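Have a look at the structure below before the remarks.
Numbering (mature numbering (1 follows the signal peptide of the UniProt record, and there is no 0)), first residue to last: -22 to -1, 1 to 770.
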């Protein structure tokens, strides 16, 4: 499909009469020319004019241009924060809201990467190639995760207009197969996305204690261990503050754009115990009561209309009163952990904002905080996730209660029950991934700009979308996005500036049409009307999501709402307004075709053509590390051989030769007490271990491990391709170990189908340790020639 033009660029309305318009004024920036005396020289020599002297003028921002801090929190529902009536204390978000404007009709894309791509560009997410998360990319244009050349992100435009730019935290907008030491790096944060500095992780989620961090393009390890108090959110806040201090020291007159995107509160819900303890007992009344209480506070605060209705709990979620006492105790504690995680996130954001105030920059800094990139996540399923058996099945409720004291620590990749997500989206129906309902697509927005927003603490009700943020920044900074960039004609922006809302609280929304599409769920908005089709509930896993089915999923009837009158989508009007529904269905198809939304269910292509497609043999040398799962060998459900050629000094050797994965699942070949050991970790459990029968002798050693899965009766007759999000079922297996051609051990493994959500490392185990028999990094003290993994 040809890429198209759309009528209209940015809002033509001028803010000339407004007090803050003066900051747009551009000073004369022409470089000063220094003329050299051309008359000097040897007598009789023909005179020529001297070349005009003068340094090239760097890009300079308009005089008085504001600094920009753009804050994005992960996986939070509309009814979570105290600023919007929720049960979780967020004093710094409350303080920001009191100094600026709150928006209660602001919309995101119901999934991580899609929201971020629209936020950072001003375009619809499918146009940017992010119809889904980066890990699920496929080769359809709307889903390939490849930032196109006819779209230039806002950070790049600001940088080219004299801004310093930095991003810290979660990224999630780089093609996963390009996250490698070989790049290419043009779609990394420091590439075409326009950030001069990056510190954070590139994936959709990460361990808050053993985070896979990159500084610009270089992998780095956390500065401390969990035992020493390390936490990722604190780390990125420290880095952001340091960057601000350095910027202030050397370029005080240059404006900055800081993008601060937390990995919190995405699973795993990990935070220090002191934060969890603050909420002990505060969720004992259960999700039905918590949701009602939030709704009552929202009414009292005025952040929802007086006539808004609280939508009922879906039949697929249990009533709190139907649970056993043991279930209530465990699930209430899950919510306590999440609440502590959320409040700690707000605390770190407060530290960042305090640093800006201390530098005297607050009055000239626009702060935009979006407390959620989608609705609260119901991906924890009916009971949440924590302690599992070797096959990934939850342990008994009693066993989980016994382990509950470790929730929030590095021990578990824990998540709360789906009904908590529903409770925290009050008053809406829907959660993360639900593009058809407001609970998946509505999140709190606050914009603060001291001295320029007079209605402090005011509420704005205009329909707005995450793609409106970039156009807003362009208008507030007086920057016009380029028509052409690097010789490529640029598409017109999709979003509309929100600047008109600052002084005109009752002006109708300038954003008239917006589509939503995530994982087969779809919605369409036009001038107060909303139509949607719920294909699946987030907590009900559906293999069809990754099937590559190109047909529209018409298994569920469309719904219709007038959200100008029915704020929470409590009354479905599809039966009484069939013509309006048909109009919006046709509009959705039009917008979907225009924005590369089809197919709605694109499937997943594990590797793009030409890179690792069909690769069976992977060879690594000493020192190779931080190889991410998408470009590492995927041995789940396969027979494979690991071969290592090492040299053992006379004093012996200890440490990791090869590791792939983490404490939550992976493989490791290591030496301990002079014995070679191969271990598989499945879902945080030791699946099996082979220990060499003889000590490892000094000198060269050729180590071979062969793993063969046994057929699982649950396995389908035709095993599907091994894909992210769609692995084969658990299967036991056997292993053989040999050293220098001589059998050295064998063993059985309860499950050889394991995920590896960290990295592959040679000569160490970075991140969390695969085996409990050592602590990371456990570097190998001998020498390694090569390690080869061959998939059969």
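Even for Gly, the Cβ is constructed at its ideal location relative to N, Cα and C. Bear in mind the structure is a predicted one, so any value in this text is a computation, not a measurement.
Kindly indicate which residue of the options has the alpha-carbon position closest to the one of residue i.
i: residue 71; options: 252, 435, 355 and 94; result: 435
i: residue 830; options: 491, 579 and 286; result: Examination of residue 830 is not possible in this model, given that the chain is present from -22 through 770 alone.
i: residue 321; options: 419, 602 and 69; result: 69
i: residue 362; options: 350, 369, 378 and 347; result: 378
i: residue 731; options: 666, 720 and 672; result: 666
i: residue 668; options: 727, 639, 635 and 617; result: 727
i: residue 114; options: 89, 81 and 98; result: 89
i: residue 98; options: 121, 65, 133 and 413; result: 133
i: residue 641; options: 270, 350 and 755; result: 755
i: residue 650; options: 750, 481, 439 and 468; result: 750
i: residue 340; options: 677, 430 and 315; result: 430
i: residue 576; options: 119, 53 and 52; result: 119
i: residue 459; options: 58, 101, 29 and 50; result: 101
i: residue 510; options: 488, 413 and 482; result: 413
i: residue 611; options: 711, 498, 633 and 733; result: 733
For residue i and residue j, what's the separation of their Cα atoms in angstroms?
i: residue 644; j: residue 155; result: 20 Å
i: residue 420; j: residue 352; result: 7 Å
i: residue 479; j: residue 298; result: 41 Å
i: residue 185; j: residue 561; result: 45 Å
i: residue 564; j: residue 547; result: 21 Å
i: residue 661; j: residue 464; result: 47 Å
i: residue 556; j: residue 415; result: 19 Å
i: residue 631; j: residue 172; result: 46 Å
i: residue 259; j: residue 571; result: 50 Å
i: residue 248; j: residue 382; result: 13 Å
i: residue 330; j: residue 219; result: 6 Å
i: residue 621; j: residue 766; result: 5 Å
i: residue 550; j: residue 288; result: 14 Å
i: residue 741; j: residue 679; result: 15 Å
i: residue 167; j: residue 300; result: 47 Å
i: residue 626; j: residue 608; result: 32 Å
i: residue 689; j: residue 591; result: 25 Å
i: residue 153; j: residue 165; result: 7 Å
i: residue 216; j: residue 326; result: 9 Å
i: residue 380; j: residue 411; result: 32 Å
i: residue 161; j: residue 26; result: 50 Å
i: residue 192; j: residue 332; result: 26 Å
i: residue 375; j: residue 308; result: 8 Å
i: residue 656; j: residue 366; result: 22 Å
Would you check if the distance between the CB atom of residue i and the CB atom of residue j is smaller than 9 Å?
i: residue 473; j: residue 447; result: yes
i: residue 496; j: residue 87; result: yes
i: residue 540; j: residue 234; result: no
i: residue 722; j: residue 672; result: yes
i: residue 404; j: residue 273; result: yes
i: residue 65; j: residue 402; result: yes
i: residue 715; j: residue 769; result: no
i: residue 265; j: residue 317; result: no
i: residue 515; j: residue 356; result: yes
i: residue 358; j: residue 394; result: yes
i: residue 244; j: residue 364; result: no
i: residue 743; j: residue 614; result: no
i: residue 617; j: residue 685; result: yes
i: residue 504; j: residue 128; result: no
Tell me which residue opens and which closes the beta strand (DSSP E) that residue i is part of.
i: residue 204; result: Premise fails: residue 204 is in no beta strand (DSSP E) and is neither H nor E.
i: residue 457; result: First-last for residue 457: undefined, no H or E at that position.
i: residue 426; result: 423 to 426
Which residues in the same chain as residue i place their Cβ atom closer than 8 Å to its Cβ, once the five residues preceding and following it in sequence are excluded?
i: residue 91; result: 103, 108, 110, 111, 112, 123, 150, 151 and 182
i: residue 208; result: 187, 200, 201 and 202
Return the first residue and the last residue of the alpha helix (DSSP H) that residue i is part of.
i: residue 319; result: 303 to 336
i: residue 253; result: 251 to 255
For residue i, collect the residues of the same chain with a Cβ closer than 6 Å to its Cβ; drop the 5 residues on either side in sequence, then sort them by chain order.
i: residue 764; result: 597, 599 and 623
i: residue 604; result: 197 and 737
i: residue 310; result: 261 and 262
i: residue 269; result: 401 and 404
i: residue 397; result: 265 and 295
Can you find the residues in the same chain that come closer than 7 Å, C-beta to C-beta, to residue i, ignoring five residues on each side of it along the sequence?
i: residue 147; result: 178, 214, 238, 239, 240 and 241
i: residue 594; result: 768 and 769
i: residue 221; result: 144 and 175
i: residue 477; result: -8, 450, 453 and 454
i: residue 282; result: 82, 276, 405 and 545
i: residue 230; result: none
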